[in-house]
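Okay, structure first, notes after.
Right, here's the structure in full:
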């Protein structure tokens with residue numbers, strides 16, 4: 001079978017190559033999925049660049065999620081999903097191949113109402129948005145949140161969840177066209193800017209309201225500005241590093257109002273959850289996706305043979321939607 005193999009650290013377009021590798025054989029409790037499509041997420045790009053939290057050994061097949069149909073498997077859980085279309089949760093990578101071997105518990109049956117381009121991004125971003133909003137912060141109608149990267153996939157999902165759960169959101173973006181795209185989704189409180197004046201812009205929009213929560217996927221000065229804008233006992237959830245820069249924080253910023261920064265990484269959060277909690281999460285995400293409450297903004301798709309174009313498109317700042325790899 002064909003697989004995209006990362007042979008060296010570096011530029012995703014240059015570090016990958018198509019190789020013919022042996023087809024996987026499932027052990028007890030595992031399934032083999034014939035892949036249809038897989039998204040190119042920031043976590044994939046960072047892994048190939050040797051900049052992610054935990055790095056695999058070279059060479060390896062990237063890809064943490066996707067959609068496909070179960071070909072084979074062993075054990076009761078595997079037999080339940082045999083032949084079915086499933087969302088693939090490949091926590092250790094391997095989804096950028098024609099066949100992917102995963103634990104059967106991480107092959108999630110997908111209803112027909114969810115198209116392939118949405119099912120391919122079933123887990124990483126939707127689960128991040130839901131887990132932060134409900135499991136970590138427990139947001140409700142009395143809460144107000146400031147989020148960076150608001151026009152990105154997780155940012156748009158947080159906006160959708162705000163309407164579903166009733167909390168308020170102040171969206172921070174860098175360009176006017178991003179603000180316009182959010183306004184088309186119904187967003188109202190939007191800050192366009194970056195740099196020295198960003199914290200003041202956010203505070204001005206917060207006004208007399210209490211805002212204790214910030215969500216940051218960018219890092220750098222943007223993360224620092226959101227932290228400064230938070231109310232007393234504010235919590236900044238750091239879940240990404242799109243800028244590649246650390247968050248510069250003076251001790252006084254944390255001391256004033258007793259604020260704090262808390263990291264969130266989906267794979268680490270999952271380690272603390274039991275199987276029942278995860279199955280409930282999978283069911284919840286399927287319902288939210290089928291109802292259109294959570295939706296991945298979609299971009300172009302490329303066959304595996306055009307992986308270099310896919311990597312370059314996915315690496316662009318301000319791209320219009322999620323880039324997909326197809327395994328036709």
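In my numbering, the protein residues as written are 1 to 328. Glycine residues also receive a C-beta, built at the ideal position from the N, C-alpha and C atoms.
Query, Result
"Residue environment, residue 322, which counts as buried when at least 16 other CB atoms sit within 10 Å", "buried"
"Sheet register partners of residue 20 (DSSP bridge)", "2"
"Candidates 316, 25, 230: closest to residue 243 by CA position", "316"
"Residue closest to residue 124, alpha-carbon to alpha-carbon, out of 112, 170, 64", "64"
"At least three beta-carbon pairs within less than 8 Å, the region 99-112 to the region 130-138", "no"
"Pick from 151, 141, 159 that is closest to residue 180, judged by C-alpha positions", "151"
"Inter-residue Cα distance where the pair is residue 29 and residue 227", "44 Å"
"Paired residues, beta bridge with residue 99 - DSSP", "34"
"Backbone secondary structure at residue 294 - three-state DSSP", "coil"
"Minimum length 3: unbroken beta strand (DSSP E) runs contained in the region 223-267", "235-238, 260-263"
"Residue range of the beta strand (DSSP E) that includes residue 143", "Neither: residue 143 is in no beta strand (DSSP E) and is coded neither H nor E."
"Bridge partners - residue 7, DSSP secondary structure assignment", "Answer by DSSP bridge pairing: none, since residue 7 is not bridged."
"Strand pairing of residue 65, partner residues [DSSP]", "89"
"Beta-ladder partner(s) of residue 192, from DSSP", "173"
"Close beta carbons around residue 137, own chain, < 6 Å, minus the five adjacent residues each side", "213"
"Span of the beta strand (DSSP E) around residue 109", "107-109"
"Same chain, Cβ closer than 8 Å to residue 164, five either side skipped, listed in chain order", "288, 293"
"Residue range of the unbroken alpha helix (DSSP H) whose run includes residue 326", "That residue, residue 326, is in no alpha helix (DSSP H); its beta strand (DSSP E) goes 322-326."
"Per-residue burial, residue 157 [other beta carbons within 10 Å of its own, 16 or more giving buried]", "buried"
"Three-state secondary structure assigned by DSSP to residue 81", "coil"
"Stretch pair the region 236-254 + the region 195-209: three plus CB contacts closer than 8 Å", "no"
"Rounded Cβ spacing between residue 247 and residue 223 (contact assumed at less than 8 Å)", "4 Å"
"Residue 7, buried or exposed, once every other Cβ within 10 Å from all chains shown has been counted against 16", "exposed"
"Under the three-state DSSP convention, the category residue 57 falls into", "coil"
"Helix, strand or coil at residue 299 according to DSSP, with G and I counted as helix", "strand"
"Under 7 Å between C-beta atoms of residue 298 and residue 44", "no"
"Whether residue 32 touches residue 3 by CB criterion (7 Å)", "no"
"Contact belief for residue 145 with residue 168 at Cβ below 8 Å, rounded distance in angstroms", "7 Å"
"Limits of the alpha helix (DSSP H) - the one that residue 198 falls within", "198-206"
"For residue 70, the three-state DSSP class (helix, strand or coil)", "strand"
"Nearest-angstrom Cβ-Cβ length linking residue 280 and residue 258, presumed shorter than 8 Å", "Contact flag wrong, Cβ pair sits at about 33 Å."
"Contact set for residue 329: own chain, Cβ-Cβ below 8 Å, skip 5 residues either direction", "Only positions 1 to 328 of the chain appear in this structure, which leaves residue 329 out of reach."
"Proximity to residue 393 [Cα-Cα], best of 17, 148, 10", "Lying outside 1 to 328, the shown extent of the chain, residue 393 is not represented and no answer is given."
"Beta-carbon gap between residue 235 and residue 209 smaller than 7 Å", "no"
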